[in-house]
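Engineer: Chains as they are written, first to last, in this note's numbering: chain A, 168 to 344; chain B, 20 to 348.
No residue lacks a Cβ here, since even glycine has one placed at the ideal position from N, Cα and C.
Just so it is clear, the structure is predicted and the values come from calculations on it, not from any experiment.
I'd like to ask you about the structure that follows.
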Amino acid sequence: MKPFPAADLLVLGVFAVAVLLTVAGALIAVLSTRLIRSVCGLALTCFGLALLYYFLHSPFLALMEILIYVGAICVTIIFAVMLAEPDEAPAQESRGAAFLWGGLALVVSGAVFWALVQLGWGHAWAAPTSRANAGTVHDLGVALLTTYSLAFELISLVLLAAILGALVIAHHGRSKS
Amino acid sequence: MNVPEPYRLLLYLVGTLAFVGLNAAYLVWVERKGAARFQRRPGPTEVGPAGLLQPIADALKLLSKQVLVPPEADRLLFRLAPLLVLMPALMCLATIPFSAALGARDLNLGLVMVFAFGSINVLAIMLGGWASRNKYSIISAARIVSQNVAYEIPMLLVVITLLMVTGTMNLREIVEQQAGGFWHWHILRLTANPLMPVTFLIFFICLLAETNRAPFDMAEAESELVAGAFTEYAGMSFGVFFMAEYANVLVGCSLATVLFFGGWQSPVGVGSGLLWFLLKLYLLIFLVVWVRWTFPRTQFYRLLNLSWTLLIPVSLGILLLTAGLLKVF
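Encoded structure:
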């Protein structure tokens with residue numbers, strides 16, 4: 168079978184769309200003044216990331232990104248937004264505090280970025296392994312219960328703590344106000 | 020077939036859009052006829068024989084209407100929401116194997132894909148309701164989140180139960196496991212789990228809730244919330260929401276057919292094919308319509324209580340039982 172004409176260009180185009188979605192979504196999430204649009208930007212970023220994962224031959228990760236980040240986390244955030252005032256302008260911060268926190272955030276993110284750049288340039292890149300057909304139930308079960316069992320258990324503990332915290336807050340919330 | 024991938028993609032897109040559009044148009048007809056018969060009246064009769072051309076007239080009417088955007092609304096999100104509702108359903112259809120040879124994509128992760136994209140539906144309806152800046156829409160948007168979150172849990176638990184029985188997330192392989200007579204279908208695989216019919220019942224109830232069909236259509240609830248999240252939508256943007264609802268019913272019933280009723284497998288073991296799939300699919304869809312016009316809409320709190328106090332414990336119990344049985348035998 169002869170290859171489809173300009174297949175490389177098509178693939179490049181889809182890749183460009185994925186990158187564009189990720190970056191544009193992140194910009195919307197940060198720059199938008201309306202909270203609900205920020206969440207939509209976040210969802211867009213997650214889509215872009217899912218597409219990029221798909222490009223890296225990890226369909227399972229891509230689907231999980233959509234299922235968890237778009238389907239669960241964004242929905243939860245929007246639900247929280249709904250409980251707040253609709254489209255209310257945020258309270259004015261004093262300029263001094265804004266500069267302080269902004270500067271701090273800049274320093275921290277700059278440091279993280281610098282460290283990542285050092286890591287990326289200082290070390291050899293691992294060749295991406297193709298996992299196009301990985302992700303059968305068997306593989307997942309083995310991975311979760313052997314290689315990643317510690318992380319798996321830790322995550323379940325974190326979730327348990329979160330549930331308990333939510334219960335405590337819900338228990339105290341109504342009676343005091 | 021040796022068709023290059025981009026052509027396959029195009030073919031899939033055109034085919035699915037045509038199928039979803041026609042399906043929505045004629046399910047509206049089925050719904051109206053069904054409702055009428057349940058209420059002992061004839062239903063649409065004027066346009067075409069037995070009202071069969073009514074959907075086309077409706078579509079023309081919707082298409083010729085102006086798309087109004089209320090001045091207070093968030094214009095961008097308001098216009099985006101109908102598209103976002105329809106797209107996930109189209110993506111889900113990519114993984115459904117309609118017959119042994121007819122399916123857009125044979126993914127090992129088909130089941131995960133359906134649920135990943137199915138979860139976006141709630142986000143889209145919620146955005147539409149929120150962007151409308153209308154109190155009924157916002158109430159409906161808040162309802163739809165709590166409802167979908169509550170019903171996603173038993174749905175996923177039931178699917179995990181089934182996953183333990185099948186051992187694969189590839190929808191085609193799941194169908195192939197059920198070959199050879201109706202007693203091999205998963206709904207009757209009582210050796211793996213004697214409560215399999217109950218599992219299907221939970222799945223079906225969750226399907227009704229997830230697709231916002233009566234008696235669980237709290238998002239629309241026309242007797243209390245005008246039209247819920249769709250109150251401010253006019254013309255074809257309203258029509259697209261309806262198309263999406265029927266597309267979601269289609270995806271849900273296809274999934275039920277694949278998971279519980281053996282997909283394209285014939286009940287007697289010979290002559291399997293696409294026709295069997297469509298027959299089972301539309302019987303299930305008819306069941307959905309039947310339920311809608313038979314049961315009144317529930318109260319919102321009873322709806323949530325049903326999930327948290329009955330469906331989740333029962334589905335968890337079934338999960339444990341199945342795990343135990345699989346371990347012992």
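Taking Cβ-Cβ distances shorter than 8 angstroms, what residues in chain B pair up with residue 239 of chain A?
Structural biologist: 138
Engineer: List, in chain order, every chain A residue whose beta-carbon is nearer than 9 angstroms to that of residue 149 of chain B.
Structural biologist: 203, 245, 248, 249, 253
Engineer: Starting from the Cα of residue 129 of chain B, find the closest Cα among B:144, B:178, B:162 and give me that residue.
Structural biologist: B:178
Engineer: Curious, which full-length alpha helix (DSSP H) runs of at least 4 residues does the stretch 71-148 of chain B contain?
Structural biologist: 73-82, 94-112, 129-137
Engineer: Let me see if you follow: with CB-CB separation under 7 angstroms, is residue 227 of chain A close to chain B or not?
Structural biologist: yes
Engineer: So, for residue 324 of chain A: in the same chain, excluding its five sequence neighbours on each side, which residues have a beta-carbon less than 7 angstroms away from its beta-carbon?
Structural biologist: none
Engineer: DSSP three-state call for residue 68 of chain B: helix, strand or coil?
Structural biologist: helix
Engineer: Give the interface partners of residue 213 of chain A over in chain B, defined as CB-CB distance under 8 angstroms, in chain order.
Structural biologist: What residue 213 of chain A touches in chain B: nothing, since even the nearest Cβ is about 10 angstroms away.
Engineer: At a CB-CB cut-off below 8 angstroms, which residues of chain A make contact with residue 96 of chain B?
Structural biologist: 203, 204, 207
Engineer: 7 angstroms is my cut-off, CB to CB: does residue 242 of chain A come that close to chain B?
Structural biologist: yes
Engineer: What residues in the stretch 177-205 of chain A bring their beta carbon closer than 9 angstroms to a beta carbon of chain B?
Structural biologist: Per Cβ criterion, the list reads 177, 201, 203, 204.
Engineer: Determine the closest residue to residue 131 of chain B out of A:174, A:333, A:335, A:232, with distance taken between C-alpha atoms.
Structural biologist: Nearest of A:174, A:333, A:335, A:232 to residue 131 of chain B, Cα basis: A:232.
Engineer: For a test of your reading of the model: does the CB of residue 149 of chain B fall under 6 angstroms from any non-hydrogen atom of the ligand ZN? Yes or no.
Structural biologist: Of the ligands one can find in the structure shown there are none, so the ligand ZN has no counterpart to examine.
Engineer: Would you call the stretch 277-285 of chain B in contact with the stretch 194-201 of chain B, where contact means no fewer than 3 C-beta pairs closer than 8 angstroms?
Structural biologist: Yes, they touch.
Engineer: Can you pull the chain A residues whose beta carbon is under 7 angstroms from the beta carbon of residue 214 of chain B, in chain order?
Structural biologist: Counting only Cβ-Cβ distances below 7 angstroms, residue 214 of chain B has no contacts in chain A at all, with the closest Cβ about 21 angstroms away.
Engineer: My output table needs one value for residue 264 of chain B: the three-state DSSP class, helix, strand or coil.
Structural biologist: helix
Engineer: Grab me the residues of residue 172 of chain B's own chain with a C-beta within less than 6 angstroms of its C-beta, minus the 5 sequence neighbours each way, in chain order.
Structural biologist: Excluding residues within five positions, the ones whose Cβ falls inside 6 angstroms are 331.
Engineer: Between which two residues does the alpha helix (DSSP H) carrying residue 285 of chain A extend?
Structural biologist: 262-289
Engineer: Does any CB atom of chain A fall closer than 7 angstroms to the CB of residue 177 of chain B?
Structural biologist: no
Engineer: My assumption, with CB atoms under 8 angstroms, is that residue 25 of chain B sits in contact with residue 177 of chain A. Please give the rounded CB distance.
Structural biologist: Sure, about 7 angstroms apart at Cβ, within 8 angstroms.
Engineer: Whole angstroms are fine: how far does the CA of residue 246 of chain A sit from the CA of residue 312 of chain B?
Structural biologist: 31 angstroms
Engineer: Could you give the distance in angstroms between the alpha-carbon of residue 147 of chain B and the alpha-carbon of residue 140 of chain B?
Structural biologist: 11 angstroms
Engineer: Quick check: is the beta carbon of residue 131 of chain B nearer than 7 angstroms to any beta carbon in chain A?
Structural biologist: Proximity of residue 131 of chain B to chain A, defined by a Cβ-Cβ separation below 7 angstroms, is satisfied.
Engineer: When you compare the CB positions of residue 116 of chain B and residue 191 of chain B, do they come within less than 7 angstroms of one another, or not?
Structural biologist: yes
Engineer: List the residues of chain A whose Cβ lies closer than 8 angstroms to the Cβ of residue 142 of chain B, in chain order.
Structural biologist: 210, 237, 238, 241, 242, 245
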